[in-house]
Amino acid sequence: MRDFHLPGRSAVYATNGMAATSHPLAAKVAIQMLEAGGNAVDAAIAGAVLLGICEPQMTGIGGDCFVLLTPPGEDRVVALNGSGRAPARIDAKALRAKGPVVAPYSVDAVTIPGAVDAFCRLSKDWGKLGIKAALAPAIHYAEAGVPVAPRVASDWAQGAGNLSGRARDLFLLDGDVPQPGQMFRAPGQAKVLREIAMEGRAGFYEGAVAADMVKSLNALGGTHTLEDFANVACEYTDPISGGYGGLELCEHPPNGQGATAILLLNILKHFDIAQMDPWGAERAHIEAEATKLAYDARNRFIADPDHTTRADYMMAPETAAALAALIDPTKAMPAAAPLTESVHKDTIYITVVDKDRMCVSLIYSVFHSFGSGIASDEYGVLFQNRGAGFTLEQGHPNELGGGKRPMHTIIPGLLKKDGKPYMPFGVMGGAYQSTGHARFVSNLTDFGLSPQEAMDAPRCFADGGALNVENGYDDAVKDQLRDLGHNVQSPETAIGGSQAIMIHDDGVLEAGSDPRKDGCALGY
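All the letters of the sequence shown, read from the start, carry residue numbers 49 to 572 under the working numbering.
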C-alpha cells in the first residue's frame, strides 16, 4: 500500500465509549450521558438535540431525522425513519399554478417535523435514562446560552437572509448575525423541550405547542392541521446494504438516498480505483461521472417508500454495469437533471458507541440553512422546508402529495466487517452525502486510510453542472479536469463534514472528526 501523507487531526482512541459530532459541547454532553450510566441512544439524543441550539442553522426540533443502530451484543442493524409528511390538505395542482417548484422559503415547503417523535420512540424502546434526562442538557443550554462557534458563525451569516418574520427576532442578535463567541439563547425552545420532557411526544404534537405551530403556519396560508401533527409516527424499516472492498455498507431504504451511495460504489467497482492517484484527475473524473449517473437514477426513482418501486433495480449489479459502460475516461458527460432547484448543505450528524458496543448513527436536519426561515410565533420552533425536496412534476414518484414523505438527502451510514458492526459514520453536506459515503468507503478500502485521514482528505463533487473541487487539490489537477470537459469551480465553503467511530477487533475505539466543522471526537 502506498504511503499517503495527509496532515490533519490526530485520531482519538478510547475503550469505554466514544462520541463524535460537529460541536464540542454536544460531544461532551454525549460522553457525560454515557458516564452517568446511559447508553448510546441516550447519548445520541442528548447530543443531537443540543446541536439544535449550538447550530440552529443546521437543525432543530422542527426538523427530521434518520437513525441506524445496533442493539448491544447483536450484529443486526435497526433503521428508524423519523421523517415527516406533507400536510394532508396540500394540493400539488394549486402549487403548480404558482411556479415550477415548491418555493423553498414558503409555508408550502414546511412538512410536519418528525424528529421529536423519533427521539421519544428511540428513548422508550432503546434508551436507559429516559427522555427527560436526555433533554436536560439542551434545556440548560437553551436557557443559559451557548457561545457561537467560528464555523457556525460563518454558516449563520450565509443563511441569515433566509430568515423571515418572527425568526429574524429569534435568530439574530439585535438584528445582526452573531459573531464568534457571542451568546445565543433560545428560551422558547427550552419551554418546548420541557413540555416534551414531561409529556413525551404529546408535549410537542398536541396541546399548546402544536397549537402554536399550526396557528403560525395557517397565518401564512399553510394547510397544516392539528390532526397532521397528532398523526406523526416514525417507522422502523429494514436497512439496505451493498459491499465494497471487503466492507458492507448499511443504509436507510427510501425515502432516504442511501440506495444512491450503494449504486455509486457498485459503479466504481468497474474501475481500478486503488491504482489511481487518490487526489489525481483520473479518480476525480471517474467519481464525478459515476455521481452524475447515480444521481440521475436517484432523481428518477427515490421517493416516499410507498411510492418507490425501483430501489432494487438501482442496487442491482446489472444496473451498475450498464451505467459504468457509459463512462468515457477521456470526456465529461452533461450533468444529471436536478430533482428540484433546492440545493442545501445544512445538516448535523452524531455517532456514539458505548461500553456494550451499541452503535448509533444519527442524522438530523431542517434542510436548507435555517430551514424554511419561518418560526412559530410563541415558542419559536423553526420549521424545516423539507417539502422543497418534492417535485411538482405530475405523475413522478416524488410528486408532492398530501401525507407523502419527500425524497431525503440526509442518510446515516454504518459499515460492517465480516458480518459485525465495524464503523458507524456519517457525511453531512446535503446532496453530497451519497458521494461522500462512497468517497469515504473508497478512501478506507482502496487507499488504506484511517477514518481521520479519510475525512481530512480533499473532496470534489459533481453537482448542478459544475465540478466543485476543494482547495486541497493541486491546480494542475484542476486544469486536467477542465481539459476533460468539467466546469471546475471552487466552492465557497468546504464540502460537507463527517464523523466516524471504528471498533477494532481488540475492542479499542478509534474516532475521527472532520476539521471542516467545529466539532470533535471524545472518548472515556
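Virtual Cβ for every residue (Gly too), placed ideally from N, Cα, C.
Whether or not the region 72-87 and the region 370-381 are in contact is what I'm after, with contact meaning three or more pairs of Cβ atoms, one per stretch, closer than 8 Å; do they touch?
Touching, no, given that fewer than three Cβ pairs across the two stretches are closer than 8 Å.
Compute the distance between the beta-carbons of GLY544 and VAL475, then report whether it is under 7 Å.
Along the sequence shown, one-based indexing puts residue 544 at 496. Along the sequence shown, one-based indexing puts residue 475 at 427. Result yes, Cβ atoms of GLY544 and VAL475 sit closer than 7 Å.
Quick test of your reading: ALA96 and ILE288, contact by CB under 8 Å. State the CB separation rounded to the nearest angstrom.
Within the sequence shown, residue 96 is the residue found at index 48, counting from 1. Within the sequence shown, residue 288 is the residue found at index 240, counting from 1. The Cβ separation is near 23 Å, so there is no contact.
Given GLY255, which residues of its chain have a CB within under 8 Å of its CB, disregarding the five upstream and five downstream residues?
Here residue 255 refers to the residue found at position 207 when the sequence shown is read from its first residue. Taken in chain order, the residues that qualify are GLU243, GLU247.
Between which two residues does the beta strand (DSSP E) containing GLN547 stretch?
To locate residue 547, count along the sequence shown from 1; it is residue 499. Unbroken beta strand (DSSP E) run through GLN547: 545-551.
For ASP173, report the span of its beta strand (DSSP E) as first-last.
Taking the sequence shown and counting its residues from 1, the one referred to as residue 173 is at position 125. No beta strand (DSSP E) contains ASP173, which is instead part of the alpha helix (DSSP H) from 163-174.
Tell me the residue span of the beta strand (DSSP E) that contains SER498.
On the sequence shown, position 450 is the one that residue 498 refers to. From DSSP, SER498 is part of no beta strand (DSSP E); its letter is neither H nor E.
Could you check if VAL556 is buried or exposed, using at least 16 other CB atoms within 10 Å of its CB as the buried criterion?
As a working note, residue 556 is residue 508 in the sequence shown. That one is exposed.
Assuming ILE411 is part of the alpha helix (DSSP H), what are its boundary residues?
Locating residue 411 in the sequence shown gives position 363, counting from the first residue. Here ILE411 belongs to no alpha helix (DSSP H); instead the beta strand (DSSP E) covers 407-415.
For the region 192-210 and the region 319-333, state whether three or more C-beta atom pairs, one from each stretch, are separated by less than 8 Å.
No, the region 192-210 is not in contact with the region 319-333.
Is the CB-CB distance between CYS282 and GLY130 below 7 Å?
Residue numbering aside, residue 282 sits at position 234 when the sequence shown is read from its first letter. Residue numbering aside, residue 130 sits at position 82 when the sequence shown is read from its first letter. Result yes, Cβ atoms of CYS282 and GLY130 sit closer than 7 Å.
Where are the alpha helix (DSSP H) runs, 4 residues long or more, that stay fully inside the region 55-106, in chain order?
The region 55-106 contains these whole alpha helix (DSSP H) runs: 72-83, 88-102.
Could you give the residue range of the beta strand (DSSP E) that holds VAL517?
Working through the sequence shown from its first residue, we reach residue 517 at position 469. 514-517 is the extent of the beta strand (DSSP E) around VAL517.
Between which two residues does the alpha helix (DSSP H) holding SER561 run?
As a first step, residue 561 is located in the sequence shown; it is residue number 513 there, counting from the start. SER561 -> not in any alpha helix (DSSP H); beta strand (DSSP E) instead, spanning 557-561.
Does the Cβ-Cβ distance between ASP566 and ALA197 come in under 7 Å?
Residue 566 sits at position 518 when you count from the first residue of the sequence shown. Residue 197 sits at position 149 when you count from the first residue of the sequence shown. Yes. Within cutoff.
Under 8 Å by Cβ, that's how I've got ASN314 and GLY293 pegged, so tell me the actual separation to the nearest angstrom.
By 1-based counting over the sequence shown, the position of residue 314 is 266. By 1-based counting over the sequence shown, the position of residue 293 is 245. No, ASN314 and GLY293 are not in contact; Cβ-Cβ is about 12 Å, not under 8 Å.
Under the DSSP definition of a beta bridge, which residues are partnered with ASP112?
To locate residue 112, count along the sequence shown from 1; it is residue 64. Answer by DSSP bridge pairing, in chain order: SER413.
By how many angstroms is the C-alpha of LEU268 removed from the C-alpha of LYS172?
Along the sequence shown, one-based indexing puts residue 172 at 124. Along the sequence shown, one-based indexing puts residue 268 at 220. Near 35 Å, if we compare the C-alpha coordinates of LEU268 and LYS172.
With a cut-off of 8 Å on the beta carbons, I'd call VAL414 and LEU430 a contact; round off their distance for me.
Taking the first residue of the sequence shown as 1, we reach residue 414 at position 366. Taking the first residue of the sequence shown as 1, we reach residue 430 at position 382. Between LEU430 and VAL414 the Cβ distance is about 6 Å, and since that is below 8 Å, they are a contact.
Quick one: residues in its chain with C-beta nearer than 6 Å to the C-beta of VAL77, no 5 flanking neighbours on either side, listed in chain order?
The count along the sequence shown starts at 1 and reaches residue 77 at position 29. Here the set comprises ALA94, GLY95, LEU98, PRO185.
Tell me which residue opens and which closes the alpha helix (DSSP H) that SER264 is part of.
In the sequence shown, residue 264 corresponds to position 216, counting from 1. Start and end: 255-267.
Three Cβ pairs or more, each shorter than 8 Å: is that satisfied between the region 116-126 and the region 462-481?
Yes, since at least three Cβ pairs between the region 116-126 and the region 462-481 fall closer than 8 Å, the two stretches touch.
Straight-line CA distance for GLY449 to ASN303?
Along the sequence shown, read from residue 1 onward, the residue named residue 449 stands at position 401. Along the sequence shown, read from residue 1 onward, the residue named residue 303 stands at position 255. The straight-line gap from Cα to Cα measures roughly 14 Å.
What did DSSP end up calling PHE509 once you bin it into helix, strand or coil?
By one-based count along the sequence shown, residue 509 stands at place 461. Note: PHE509 maps to strand in three-state DSSP.
For PRO279, which option in ALA208, GLY451, ASN446 has the closest C-alpha, if you only look at C-alpha atoms?
Residue 279 sits at position 231 when you count from the first residue of the sequence shown. The sequence given here has Asn at residue 279, not Pro. Of ALA208, GLY451, ASN446, the residue nearest in Cα terms is GLY451.
Can you tell me whether DSSP reads THR483 as helix, strand or coil?
Along the sequence shown, one-based indexing puts residue 483 at 435. If DSSP states are grouped into helix, strand and coil, THR483 belongs with the helices.
Does ASN433 come out as helix, strand or coil in the three-state DSSP assignment?
Here residue 433 corresponds to residue number 385 of the sequence shown, with the count starting at 1. DSSP places ASN433 in coil when its eight states are reduced to three.
Take ALA163 and list the residues in its own chain whose beta-carbon comes closer than 7 Å to its own, dropping the five residues that flank it on each side.
Working through the sequence shown from its first residue, we reach residue 163 at position 115. Contacts found: ILE109, GLY111, ASP112, CYS113, GLY130, TYR412.
Could you check the C-alpha separation between ALA136 and PRO563 for me, to the nearest Å?
What you label residue 136 is simply residue 88 of the sequence shown in a count that begins at 1. What you label residue 563 is simply residue 515 of the sequence shown in a count that begins at 1. When rounded, the distance between both Cα atoms is 42 Å.
Considering only their Cβ atoms, is the gap separating SER482 from GLN305 smaller than 7 Å?
Taking the sequence shown and counting its residues from 1, one reaches residue 305 at position 257. Taking the sequence shown and counting its residues from 1, one reaches residue 482 at position 434. In this structure, SER482 lies closer than 7 Å to GLN305 by Cβ.
Below 8 Å on the Cβ atoms is my contact criterion, and I expect CYS508 with LEU515 to pass it. Report the Cβ-Cβ distance as a whole number of Å.
Numbered from its first residue, the sequence shown carries residue 508 at position 460. Numbered from its first residue, the sequence shown carries residue 515 at position 467. Rounded, the Cβ-Cβ distance is 6 Å, consistent with contact.
Looking at the secondary structure, which residues open and close the alpha helix (DSSP H) in which LEU241 lies?
Numbered from its first residue, the sequence shown carries residue 241 at position 193. Residues 235-247.
What separation, rounded to the nearest whole angstrom, lies between the Cα atoms of ASN491 and ASP553?
On the sequence shown, residue 491 is found 443 positions in, with the first residue counted as 1. On the sequence shown, residue 553 is found 505 positions in, with the first residue counted as 1. Approximately 20 Å between the Cα atoms of the pair.
Distance, Cα to Cα, GLY513 vs PRO382?
Taking the sequence shown and counting its residues from 1, the one referred to as residue 513 is at position 465. Taking the sequence shown and counting its residues from 1, the one referred to as residue 382 is at position 334. If I take the Cα positions, the gap works out to 7 Å.
Excluding the 5 residues preceding and the 5 following GLU389 in the sequence, name in chain order all residues of the same chain whose CB lies nearer than 7 Å to its CB.
As a working note, residue 389 is residue 341 in the sequence shown. Interpretation of GLU389 is limited by its pLDDT of 40, a score under 50 that renders its predicted location unreliable; the figure taken from the coordinates is listed afterwards. Counting only Cβ-Cβ distances below 7 Å, and skipping sequence neighbours, we find VAL149.
Please go through the same chain and pick out, in chain order, the residues whose beta-carbon is closer than 8 Å to the beta-carbon of GLY571, but skip the five residues on each side of it.
For the purposes of this step, residue 571 is identified with residue 523 of the sequence shown, where counting begins at 1. Same-chain partners within the cutoff: VAL60, TYR61, ALA62, THR63, ASN64, GLY65, MET66, ALA67, ILE79, LEU557, ALA559.
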